[in-house]
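Engineer: I'd like to ask you about the structure that follows.
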Amino acid sequence: MDDATIFTNFRPIYIFFIIIQAISLIMAISQKKQLKPINEVAISSVSFICLAVSAFMTYQIGILSDELVIGGDPVSFIMFFVVVIMSVVNFLVIYLNKKN
């Protein structure tokens, strides 16, 4: 097995988390004051879980690349930053919606 293909197994999970974050962001932005299909706690929990699991996976990629003496995966690292940014944006949208 090629050493670089080990990291491609993590990419679908990152893509799944990005899709979940995008759906959560759309739901948080499109919520009306009168009709809330999902509350802020649920969106915050989903964002936090996605962020925590993505951070753990990035840490595991670092351990794998150190043990196998190969470079890390820059694509997975960029996907991790996308998950972080989307989580922060989700938290900000929820906070600003709650404030208004």
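Per the working numbering, the very first residue in the sequence shown carries number 102; after that it's consecutive. For glycine and all other residues, C-beta sits at the position ideal for the given N, C-alpha and C.
Since Ile144 and Ser125 are thought to touch, with beta carbons under 8 angstroms apart, how far apart are those beta carbons, to the nearest angstrom?
Structural biologist: On the sequence shown, position 43 is the one that residue 144 refers to. On the sequence shown, position 24 is the one that residue 125 refers to. 5 angstroms between Cβ atoms; contact.
Engineer: In whole angstroms, what separates the C-alpha of Phe108 from that of Ile162?
Structural biologist: For the purposes of this step, residue 108 is identified with residue 7 of the sequence shown, where counting begins at 1. For the purposes of this step, residue 162 is identified with residue 61 of the sequence shown, where counting begins at 1. Using only the alpha carbons, I get a separation of about 7 angstroms.
Engineer: In angstroms, rounded to a whole number, what distance separates the CA positions of Ala123 and Phe111?
Structural biologist: Taking the sequence shown and counting its residues from 1, the one referred to as residue 123 is at position 22. Taking the sequence shown and counting its residues from 1, the one referred to as residue 111 is at position 10. Between Ala123 and Phe111, the C-alpha separation is close to 19 angstroms.
Engineer: Closer than 7 angstroms by C-beta to Ser166: which residues in its own chain qualify, once you throw out the five before and the five after it? Chain order, please.
Structural biologist: As a first step, residue 166 must be located in the sequence shown, where it is residue number 65. Same-chain partners within the cutoff: Gly172 and Gly173.
Engineer: Between the Cα of Val194 and the Cα atoms of Ser148, Thr106, Ala129 and Ile121, which residue gives the shortest distance?
Structural biologist: Locating residue 194 in the sequence shown gives position 93, where the first residue counts as 1. The shortest Cα separation from Val194 among Ser148, Thr106, Ala129 and Ile121 belongs to Ala129.
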